[in-house]
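*Asks:* Mind the numbering: the sequence shown is residues -27 to -1, 1 to 435 in mature numbering (1 follows the signal peptide of the UniProt record, and there is no 0), read in order. Note that beta-carbon positions come from the ideal geometry of N, C-alpha and C, so glycine has one too. Got a structure for you, written out below as structure tokens; questions coming shortly.
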Amino acid sequence: MGTLPPFPPLLLLVAVIFSFLSSSCFAVTSHEAAAIARRQLLNFEKHGDHVHIDIDIEIKVSNPRLAAAHRALHALKRALYSDPGNFTGDWDGPDVCAYNGVLCAPSPDNASASAVASLDMNAADVAGYLPREIGLLSDLAVLHLNSNRFCGVIPEEVANMTRLYELDVSNNRLVGAFPGAVLRVPELSYLDIRFNDFDGPIPPELFLRPYDAIFLNNNRFTSGIPDTIGRSTASVIVLANNDLGGCIPPTIGQAAATLDQFVFLNNSLTGCLPLESGLLANATVFDVSHNLLTGAIPATMGGLAKVEQLDLSHNTFTGVVPGDVCGLPALTNLSVSYNFFAGEDAQCSSALLDAKLDKSLEDEANCMGNVRPMQRSAGECAPVVSHPVDCSKTKPCGWPAPAKKPAPESSKHSPPPPPPPAPIFNCSTLDSSYGLLRKIRSAVNKLLKQMTKHLSGSVVGP
């Protein structure tokens, strides 16, 4: 019987490297993302304005709702560029209710028939685009696609999902203007499109929809915060890490009945805190840090009776930190650091706050001299403190916000805000590494072929 020569250590190393490089855990490159987007556009142009249900003649699905779902799911599978975990591996055959990630329930119109009620592809690590046929999932109540590598745009046919209640497409690389189709989904309550590449203005209509939660953070939205935000019924509004500019509309106070979490950090917001901010008596989180807000803290902020986390840090606020703010009954964390406050009310003293073990105060990098530790120098404070902004004389802001102007000289004394945190699955984070690894993989392939040929020719006959 023939024998093989000893397995070369180099070949073992090559095999291990090849196995690692064959993994699809790396994000698609910018070039590949653009290619996926072009495929989506070509698909849209091919099908025109209509989506037809066309089931393979060998697949028999008697339930028309499931037949439509079959069409949608198979279109989605075909639109995938990569499925390294084989998430859609069992998406074959007529029984869509048995597909991975799919949940069926009795049809809303006919309890004796099934319908696809939920599609959960969270963290599947698939790459591709969303086809128009996805709108055929008209019975879907929950659509979870977060932490994948979907590129391109959200198709208009999403508006056909008339029963959709929860939409989560966060942590992808979706692009374009705010997806207006979601505003036409009548029963939508939870909207999460954070960590994508959406840009342009936020439509005022967004805050007129009966949503409970709105997550738009870590995109590239601009043009300010629409005045309609005060008419929102959402309990959570997170607009952090965009580039909105403009000021916080005074209408924010109109959302007092429902707003629980108010997170607007790192948005280049300017102007003063509106007096109406203090009307948000039900808010537990109020975060406007890392902006360019100025003036004094309005006394009305003492009305935030339920706020637990109040973050005003990294702005250009001046004046004195009010005692009513430090003494808020539910407050556990107050941060006013990296501003230009000249002092704090007696209620804000460390002795009082230390006595309440459930409270913390961060007030470094202000202009309080030797009264508090780690303060700015007199030279850094003087240009700002000597020219305080009178908020009673500032002009009301409007929407859309005007184009951004260069930051005022005073703001240059404040350390720049940190960059927004990177998405978990950013399609461009590993572009350079991915390109290098593709070259290495090609070289490894050639080496493997040479090794295989060598081994084949080294077999000793009987």
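#1: Hey, how far is the Cα of V211 from the Cα of N190?
#2: Would you mind giving the Cβ-Cβ distance between R167 and A88, rounded to the nearest angstrom? I have them listed as a contact below 8 Å.
#3: Measure how close the beta-carbons of T231 and A254 come, nearest whole angstrom, since I'm counting them as under 8 Å.
#4: What span of residues does the alpha helix (DSSP H) with L92 cover, start to end?
#5: In angstroms, rounded to a whole number, what distance separates the CA positions of A86 and D65?
#6: The beta strand (DSSP E) with P37 in it runs from where to where?
#7: The alpha helix (DSSP H) with A150 in it runs from where to where?
#8: Could you give the DSSP three-state label for Q348: helix, strand or coil?
#9: Can you tell me which of L301, A269 and F259 puts its alpha carbon nearest to the alpha carbon of A229?
#10: Just tell me which of C124, S350 and V280 has its CA closest to the CA of K332.
#11: Use the C-beta contact count for V155: other C-beta atoms within 10 angstroms, 16 or more gives buried, fewer gives exposed.
#12: Bridge partners of P174, per DSSP?
#13: Could you tell me how far apart the beta carbons of T367 and G244 are, in whole angstroms, since I believe they sit closer than 8 Å?
#14: Considering C364, what are the terminal residues of the alpha helix (DSSP H) in which it resides?
#15: One question on the structure: do F194 and G219 come within less than 8 Å of each other, judged by their Cβ atoms?
#16: Which residues share a DSSP beta bridge with R122?
#17: Give a yes or no on whether the C-beta atoms belonging to L248 and L266 are separated by under 8 Å.
#18: Opposite E317 in the DSSP bridges: which residues?
#19: Note the first and the last residue of the continuous beta strand (DSSP E) segment covering D106.
#20: Residue range of the beta strand (DSSP E) that A186 falls in?
#21: Pair every Cβ in the region 128 to 136 with every Cβ in the region 50 to 66, then say whether three or more of these pairs are closer than 8 Å.
#22: Less than 6 Å between C-beta atoms, sequence neighbours within five positions excluded: which residues of the same chain meet that for T273?
#23: Measure the Cβ-Cβ separation of T291 and G276 and say whether it is below 8 Å.
#24: Which residues in the same chain as N169 place their Cβ atom closer than 6 Å to its Cβ, once the five residues preceding and following it in sequence are excluded?
#25: Which residue spans inside the region 245 to 313 form an unbroken beta strand (DSSP E) run of at least 3?
#26: Evaluate G108 with the Cβ neighbour count: other Cβ atoms within 10 Å of its Cβ, from every protein chain shown; 16 or more gives buried, anything less gives exposed.
*Replies:* Taking the definition as stated:
#1: 6 Å
#2: Going by Cβ atoms, the distance from R167 to A88 rounds to 29 Å, so no, they are not a contact pair.
#3: Actually they are not in contact, since the Cβ atoms of T231 and A254 sit about 11 Å apart, beyond 8 Å.
#4: Taken as a continuous stretch (DSSP letters only), L92 belongs to no alpha helix (DSSP H), being part of the beta strand (DSSP E) at S87 to D93.
#5: 21 Å
#6: No beta strand (DSSP E) contains P37, which is instead part of the alpha helix (DSSP H) from P37 to R51.
#7: Element bounds for A150: not the alpha helix (DSSP H) but the beta strand (DSSP E), R146 to A150.
#8: coil
#9: F259
#10: V280
#11: buried
#12: T195
#13: 6 Å
#14: Counting along the chain, C364 falls outside any alpha helix (DSSP H), and DSSP gives it neither H nor E.
#15: no
#16: A100
#17: no
#18: V294
#19: The residue asked about is misnamed: residue 106 is Glu in this sequence, not Asp. Counting along the chain, E106 falls outside any beta strand (DSSP E), and DSSP gives it neither H nor E.
#20: A186 to F188
#21: no
#22: L248 and G251
#23: no
#24: N145, L147 and N192
#25: 258 to 260, 282 to 284 and 306 to 308
#26: buried
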